[in-house]
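First the structure, in the form of structure tokens, and then the observations on it.
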Amino acid sequence: MRTTRRLASTAAIAALVGLPLAAGPASADGHELTGQLTQLNDSGASGTAWAQVDGDQVHIKVDTQGLLAGSPHAQHIHIGGQGTCPTDDMAGEDGILSTMEGAPAYGGVKVSLTQEPGKTDAGAALDVANFPTGATNSYERTITVGDDLAQQIANGDGVVVVHGIDADGSGKYDGDAKSSLDESLPLEATAPAACGELAPAQMAMPQGGVETGGTSTAGFEYAGALALGGLALGLGGAGFAANRLRTNR
Ligand SMILES: [Cu+2]
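Per the working numbering, the very first residue in the sequence shown carries number 74; after that it's consecutive.
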């Protein structure tokens, strides 16, 4: 009896650890991914994302439209959480979904999609001087991300998030509410405007099918990430996010 139980728990641990790797192909070479960006926070923004992973590099294109013109739009590949886009009902009492409130869905910033010469690591997440500023943007860059991130992106774990909304229609980032990432910025400057999951192009699996069938698996994966301390937000905000989650419940 005891042996059986020990085997069972070992299997459970193996399942937890193995889940993120089991989702995709073994090699990161030549994998193509696509994603449709849809609005968050009623931003009116939308877009498409395309990526190709080759070795430790990711060639990525992000086309966006409907964003606030003349304002920097931070954009990143997030990884962690459930590997999904959040929904607006995850917002707190103010009704605006902040970046941290969306983190249980998309995780932390892993790649900052800056323009040259901006750096592309998580530390450049708010490098406002090097992000696109238009209402419509065509972004393209080849980024060396390292083997581990390349593999995760190839597996379909990446979520593209474009930030910056104009909730009050003033034509700029303003308001008293502070950003969940940087108190010196208004909430509008960093709240997510659009989000899209980077899925392997060759799988052609309908998104609805994955989500309908995988609800419990997604929850399980999230629990695993927490158990492994894997919800690294990349912005020093893990504790903050956890506090927000607690107070929201
Ligand atoms: Cu982001």
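Every residue, glycine too, gets a C-beta built ideally from N, C-alpha and C.
- Exclusion of residue 146 from the 7 Å shell around ligand 1 follows from its C-beta lying no nearer than that to any non-hydrogen atom of the ligand.
- If you check the CB distance, residue 250 and residue 110 do not come in under 8 Å.
- With contacts defined as CB atoms closer than 8 Å, residue 270 and residue 180 fail to qualify as a contacting pair.
- The nearest non-hydrogen atom of ligand 1 is less than 7 Å from the C-beta of residue 234.
- The nearest non-hydrogen atom of ligand 1 is less than 7 Å from the C-beta of residue 172.
- Annotated three-state conformation of residue 218 is coil, per DSSP.
- Residue 103 and residue 226 have their alpha carbons spaced roughly 12 Å apart.
- Per the coordinates, the alpha-carbon of residue 230 lies some 17 Å from the alpha-carbon of residue 134.
- Separation of residue 233 and residue 218 (C-alpha to C-alpha, rounded to the nearest whole angstrom) is 15 Å.
- Under DSSP, residue 268 forms a beta bridge with 111, 234.
- Collapsing the DSSP output to three states places residue 169 in coil.
- Residue pairing by DSSP puts residue 212 in a beta bridge opposite 135.
- Residue environment analysis places residue 192 among the exposed positions, since fewer than 16 neighbouring C-beta atoms fall within 10 angstroms of its C-beta.
- Taking the CA atoms as reference points, residue 142 sits about 8 Å from residue 244.
- Counting only the Cα atoms, residue 235 lies some 13 Å from residue 176.
- In this structure, residue 116 sits away from residue 206, with a CB-CB distance that is not shorter than 8 Å.
- With fewer than 16 other Cβ atoms inside 10 Å of its own Cβ, residue 241 counts as exposed.
- Under the three-state reduction of DSSP output, residue 260 falls in the helix class.
- Nearest C-alpha to residue 121 among 258, 213, 247: 213.
- DSSP places residue 162 in the helix class (H, G or I) of the three-state scheme.
- Across the structure, residue 264 and residue 171 are spaced so that their CA atoms are roughly 5 Å apart.
- Collapsing the DSSP output to three states places residue 175 in a helix.
- A distance below 6 Å between beta-carbons, with the five flanking residues on each side excluded, links residue 253 to the following residues of its chain, in chain order: 171, 172, 173.
- 8 Å or more divides the Cβ of residue 114 from the Cβ of residue 216.
- Between residue 186 and residue 130, the C-beta gap is not smaller than 8 Å, which leaves the two residues out of contact.
- The Cβ atoms of residue 202 and residue 182 lie no closer than 8 Å to each other.
- Residues 250 of the same chain have their beta carbon placed closer than 7 Å to that of residue 167, with the five preceding and five following residues left out of the count.
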